[in-house]
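Numbering of the sequence shown is given in my numbering, commencing with residue 1 and proceeding in unit increments.
Everything on this sheet refers to the single structure shown next.
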Amino acid sequence: INSSFRLVVDGVYYGVSFTGIRSETFAFVHNWINPLVETLEWKTSLRVTYNGIEARAALRDVARRSTNTTLYLDSSDLKRLENLSFKWQARPLLVPLHQYQSALTATALTGATTLYIANPTMNGFAVGGNAILFNSSTKVSESLTILTVPVTEDRITLASPITNDWGANSICYPASSALIRGNLPVVWQTQNFATGSAVFDFTPTTTNPLTPSDTAPELYRGEEVLTIEPNWEWGLAKDLAFEGGLTENLTGAPTTFETHTRPSRTTTYNWLIKDQDEMYAFRKFLYRRAGMAVSFWMTSWVNDFNSLALTYNAGDQYFRFTD
């Protein structure tokens, strides 16, 4: 909110300004005993001709994002949650993105408009976006609106001064507007302890760096190349789907028909993304795909094309393979 209006009292004009965030903060921390699942969902129109040629069109340019959270609540937490739910459960909430939390690298005192944070862009802090400072011990939180994110500096500037003192290593989350999907179940485990869970559907945005694209780092024949080896702990599942079926005429042997001239091949890959840099690069790869709309090259990662030579030299024109 950034607005103002004038009051006239006994012929005297008084200006009144309103600035701030028109939402309630969901100031509860995810408990990492359970994984936090972030889902990115695009929509693509896909048509396949009889000979297997595909035609694709992106129907949703910006992915819908959702996350889940697991809550471990003491009695005071639950009181705050019930109050929040009573007045605001069906309205937009300002939700911290716990998977991108950062720590302040310097103390920030009341009245400051600059927060020092390492790699703010990579952590999802965006111009015009929001952030939340949170102290898990005191349960104090502060919602912020981001004014600038300098590209070459590890800091962000705020639209309004902070109203509390925050020490170095205080946790700061990027935050985004979201709705709670469905209900907000809570189970009391003892008289002083409860568990809960929630699923959030975030408001799509085209300016948030959590939806990056950038230029592909490597191209082959004009299309991007993915070279991340899968995590073999979960294997590599292949599915050959035949489009067709049987026609039963009840008078003799059934006949077959085919919708496509060849089976469609589907391979399921799993990756282990080990650090912040890899996660940011992989997220940019996903957004360049726009779901199923933009194709790319990738290796099969299995030994189905084995070279007979150990090395090749610059200028070689032939490669020798077995099978």
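Here a beta-carbon is modelled for each residue, glycine too, at the ideal position from N, C-alpha and C.
Predicted model only: the values in this text are computed from it and were never measured.
Is it buried or exposed for residue i, if we count other Cβ within 10 angstroms and need 16 for buried?
i, result
"Trp232", "exposed"
"Gly291", "buried"
"Asn183", "exposed"
"Arg265", "exposed"
"Leu97", "buried"
"Ser45", "exposed"
"Ala131", "buried"
"Pro174", "buried"
"Arg326", "Lying before the first or after the last residue shown, residue 326 is absent from the chain, which here runs from 1 to 323."
In angstroms with no decimal places, state the Cα-to-Cα distance between residue i and residue j.
i, j, result
"Arg155", "Thr105", "9 Å"
"Thr251", "Gly244", "21 Å"
"Ala90", "Ala198", "13 Å"
"Arg80", "Lys87", "11 Å"
"Leu94", "Ile117", "20 Å"
"Glu142", "Ala159", "13 Å"
"Met279", "Ile273", "6 Å"
"Ala194", "Gly15", "47 Å"
"Gly129", "Thr145", "6 Å"
"Gln191", "Leu78", "11 Å"
"Thr267", "Val302", "12 Å"
"Asn123", "Gln99", "9 Å"
"Trp297", "Asn270", "17 Å"
"Tyr312", "Pro92", "59 Å"
"Thr326", "Thr70", "Missing from the structure shown is residue 326; the chain here goes from 1 to 323 and no further."
"Arg64", "Tyr13", "46 Å"
"Gly315", "Glu229", "28 Å"
"Val187", "Gly235", "37 Å"
"Thr114", "Ala237", "49 Å"
"Asp277", "Val225", "18 Å"
Is the distance from the Cβ of residue i to the Cβ of residue j below 8 Å?
i, j, result
"Leu147", "Ser170", "no"
"Ala293", "Arg56", "yes"
"Leu286", "Leu73", "no"
"Val37", "Thr67", "yes"
"Asn119", "Thr261", "no"
"Asn306", "Phe321", "yes"
"Asn208", "Ala281", "no"
"Ser102", "Cys172", "yes"
"Leu179", "Asp201", "yes"
"Thr110", "Thr163", "yes"
"Glu223", "Ser295", "yes"
"Val8", "Ser136", "no"
"Ser213", "Lys284", "yes"
"Ser3", "Phe18", "yes"
"Trp32", "Arg60", "no"
"Thr157", "Ser176", "no"
"Thr259", "Leu246", "no"
"Thr107", "Val149", "no"
"Gly167", "Pro185", "no"
Quick one: grab the DSSP three-state call for residue i.
i, result
"Leu310", "coil"
"Asn324", "Because residue 324 is not part of the residues shown, which for the chain are 1 to 323, the question remains open."
"Asp277", "helix"
"Glu218", "coil"
"Asn284", "Inspection of the sequence shows that residue 284 is occupied by Lys rather than by Asn. In the structure shown, Lys284 sits in a helix (DSSP, three-state: H, G or I)."
"Trp271", "coil"
"Trp232", "helix"
"Ser17", "strand"
"Arg289", "helix"
"Leu240", "strand"
I'd like to know whether the C-beta of residue i is nearer than 8 Å to at least one C-beta of chain C.
i, result
"Ala314", "The structure shown contains no chain C, having only a single protein chain."
Worksheet item: Which whole runs of the beta strand (DSSP E) in the stretch 177-210 are 3 residues long or more, in chain order?
Response: 186-190 and 193-202
Worksheet entry | Complete beta strand (DSSP E) runs within the stretch 85-172 (minimum length 3 residues, chain order) | Runs of the beta strand (DSSP E) lying entirely within the stretch 85-172 and spanning at least 3 residues, in chain order: 93-96, 114-116, 130-134, 141-148 and 155-158.
Worksheet item: Taking only runs of the beta strand (DSSP E) that begin and end inside the stretch 31-77, which ones reach a length of at least 3 residues, in chain order?
Response: 38-41, 44-48, 54-58 and 64-74
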